[in-house]
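Each residue of the sequence shown is one higher than the last, beginning at 1 in the numbering used here. By construction, the Cβ of each residue, glycine as well, lies at the ideal position given by its N, Cα and C atoms. Structure, as structure tokens:
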Amino acid sequence: MADTQAFIIASVNVLFAVIGVFGNALAFVIVARNRRLHTVSNLFIISLALADLLVCIVAQPMYAALLFGLPHDPIYSVVRKSFSFVSLLASISSLVAVTVERYTAIASPMKYQRRANLTNVLVLLFIIWSLSIGMGIPPGFRVIVVYYAMSLVLIIYPINLYIYIIARRQARSIAKQVGHLGKSSQGKNEKENIAAKTIGSVLAVFAICWVPVIVTAFIYQYGNCRKLYFAFKWSQTLALCSSAVNPVIYCLKTQIFRKELKGICRRVFRGSSSQDKPEFI
1 MADTQAFIIA
11 SVNVLFAVIG
21 VFGNALAFVI
31 VARNRRLHTV
41 SNLFIISLAL
51 ADLLVCIVAQ
61 PMYAALLFGL
71 PHDPIYSVVR
81 KSFSFVSLLA
91 SISSLVAVTV
101 ERYTAIASPM
111 KYQRRANLTN
121 VLVLLFIIWS
131 LSIGMGIPPG
141 FRVIVVYYAM
151 SLVLIIYPIN
161 LYIYIIARRQ
171 ARSIAKQVGH
181 LGKSSQGKNE
191 KENIAAKTIG
201 SVLAVFAICW
211 VPVIVTAFIY
221 QYGNCRKLYF
231 AFKWSQTLAL
241 CSSAVNPVIY
251 CLKTQIFRKE
261 LKGICRRVFR
271 GSSSQDKPEF
281 I
């Protein structure tokens, strides 16, 4: 029974790793193809997708290999956990950055126009990934990293909710106005609503997927039984699978993502169908 359950958990990890690689790679392609998506917010989304891609390419397959019966090796374990924690830190830091960016865009538009440029964003992303690598690799920081990440979620989620409330309030105010300026501003505020909803959904998924592994890990320290062991393994799987869910959120919440995805699918299917047609000489 134990071997069967381990095989099932490993298979779920492999499945979501494949889905995550495909989904996050598509996020890169979609943003690169559409100039309307070349925004400050989407640069942070791409950073988040890169962190998710690291999980799906390295950490999750390595975890699945252990469950399939790969002999335990200390170096292997260190490498797997390092990628997981670097990805965790990069993900939550990117979410913090995009939340602050959205808040500044709504609360202080003039300040946002002055500071929201490519150079500043690239410098911030460099700092985010440098700190993530510096704190995620050393084993001594890992307990601190997990609680630090969850504390940030608890802090930035109310901020994102506040952003959504402000955007909705502005949208209702503009809806009462008449004329071209009102319509243009209403479209802008609708984009702010969508951005707030997207980031809020990603934060919600992040919290739902990572809270169980923190709780079970804490309990597992004080009680080591077979049922608790498998609960811990399933909670680890849930946390890793969150990397495959984020691209789905982008497509569900953002119309441009959906359109670009449909366009890519059409080109792929058209290309495959044209190759299947017989050539007459």
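Residue i in three-state terms, based on DSSP
i, result
"Y283", "Any question about residue 283 goes unanswered here, given that the chain covers just 1 to 281."
"I137", "coil"
"P74", "helix"
"T39", "coil"
"N24", "helix"
"N13", "helix"
"G69", "coil"
"I281", "Summary for I281: the model assigns pLDDT 36, below 50, so the residue's position carries little reliability, and this model does not support an answer."
Candidates the options, of which the one nearest residue i by Cα
i, options, result
"S49", "L252, I30, N24 and W210", "It should be pointed out that residue 49 corresponds to Ala in this sequence rather than to Ser. Ranking the options by Cα distance to A49, first place goes to N24."
"R142", "S41, I214 and L37", "I214"
"Y157", "D73, I199 and A239", "I199"
"S151", "L203, I137 and N120", "L203"
"V18", "L53, G134 and R258", "L53"
"I208", "S243, A64 and Y222", "S243"
"S41", "R114, L88, P74 and A105", "A105"
"A97", "I127, I57 and A32", "I127"
"A51", "A27, T39, R169 and Y63", "A27"
"T119", "K259, N13, F269 and T39", "T39"
"V12", "I45, G134 and A64", "A64"
"S47", "Y103, M62, V14 and V121", "V121"
"R102", "L228, K253 and I166", "I166"
"L70", "L228, R258, A6 and Y222", "A6"
"R168", "V153, K197 and L66", "K197"
"G136", "F269, Q255, K81 and Y164", "K81"
"V79", "F269, Y112, P138 and D3", "P138"
"I163", "A116, Y229, F218 and A107", "A107"
"R36", "Y222, T254 and Y112", "T254"
"V145", "F230, V86 and I45", "V86"
"T4", "I249, F269 and F230", "F230"
"I45", "F269, I264 and I249", "I249"
Contact belief for residue i with residue j at Cβ below 8 Å, rounded distance in angstroms
i, j, result
"S130", "A90", "Contact doesn't hold; Cβ gap of about 10 Å is too wide."
"C241", "F16", "4 Å"
"T216", "S201", "With 8 Å as the limit, T216 and S201 do not qualify as a contact, their Cβ atoms being about 24 Å apart."
"S84", "V55", "7 Å"
"L88", "A149", "6 Å"
"T99", "N160", "5 Å"
"N246", "V211", "So it is not a contact: roughly 17 Å between Cβ atoms."
"L67", "I9", "5 Å"
"I57", "L261", "That belief does not hold up - the Cβ atoms of I57 and L261 are roughly 21 Å apart, past 8 Å."
"L125", "L43", "7 Å"
"P61", "V123", "The pair is not a contact, with the Cβ atoms about 32 Å apart (cut-off 8 Å)."
beta-carbon residue i near the ligand FMN non-hydrogen atom, thresh 7 Å
i, result
"S47", "Judged by which ligands are present, the structure shown has none, so any question about the ligand FMN falls away."
For this session: Could you name each continuous alpha helix (DSSP H) segment of 4 residues or more that falls completely within the region 85-171, going from the start of the chain to the end?
Result: The region 85-171 is shown to contain whole alpha helix (DSSP H) runs of 4 or more residues at 109-115 and 118-136, in chain order.
For this session: May I have a chain-ordered list of the alpha helix (DSSP H) segments no shorter than 4 residues that lie completely inside the region 238-278?
Result: Unbroken alpha helix (DSSP H) stretches of 4 residues or longer found wholly inside the region 238-278: 255-276, given in chain order.
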